[in-house]
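Sequential numbering from 417 applies to the sequence shown in my numbering.
Comments concern the structure below.
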Amino acid sequence: MSNSISLEVGSVIDFVNTKYSNNPNFRRYVGFAERDLPFQIFKELFHSNEIKNVAELNSKLNEANNAINTWNSTFETKRDEVENLENKLEEYKTKYDFVLLNKWFKQRYEQKKEELKSRKEGYSAFGAMLFFTPLCSLALFIF
C-alpha cells in the first residue's frame with residue numbers, strides 16, 4: 417500500500433474515462449469539475465459569513481492593538497508625570513518640614529527667652545533679699 421494517493425486518483429480517472437467516455441454530458445461535467453468547480457467553491461467560501469467574520473475579527477484585533485499601543489504610550493507619559501509630581505511633593509514636604517522646624521525653633525527661642533527673663537527677675541529678687549537681709553539686721557542692731 418502506497419502513501420501517495422496519486423495512484424488511486426489516476427485509476428479512478430482511468431475508470432471514469434473508459435466507463436463514461438461515450439456519454440455526451442461527460443466532457444462538460446469533467447470540464448466544469450476541472451476548471452470551474454474550484455473557483456465556485458472558493459467563491460462560496462470567500463463570500464460566506466465565516467470569512468466575513470474572520471475579516472471583521474482581524475479588523476477588530478487591529479483596532480484593539482492600536483488602542484493598546486495608544487494606551488501604553490499615554491500610560492508611560494502619565495506615569496512619568498506622576499513620578500515628577502511625587503518628586504515635587506517630596507521636595508515641598510521637605511521645605512514645609514524645614515519651615516515648620518524653623519517656626520518651632522523660633523517659638524522655643526521666644527519661650528526660653530521668657531523663662532530666662534522670669535528666672536533672672538526671681539534670682540535678682542532672691543539675691544537682693546540675701547544682700548539686704550544682713551544689712552537690715554545690721555542697721556537694726558546699730559540703731
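All residues carry an ideal CB built from backbone N, CA and C; glycine is no exception.
- For P454, the enclosing alpha helix (DSSP H) starts and ends at L453 to F462.
- Within its own chain, the residues whose Cβ lies closer than 6 angstroms to the Cβ of F442, once the five positions on either side in sequence are excluded, are Y436, listed in chain order.
- Look at N441 here: in three-state DSSP terms it is coil, with no helix or strand label.
- Your pair L473 and I467 does not check out as a contact, with CB atoms roughly 10 angstroms apart and the cut at 8 angstroms.
- A449 and V470 have their alpha carbons spaced roughly 28 angstroms apart.
- Here the C-alpha atom of I457 lies approximately 31 angstroms from the C-alpha atom of E479.
- Counting only runs of at least 3 residues, the region 462-542 fully encloses no beta strand (DSSP E) element at all.
- Rounded to whole angstroms, the gap between the alpha carbons of A555 and M545 is 15 angstroms.
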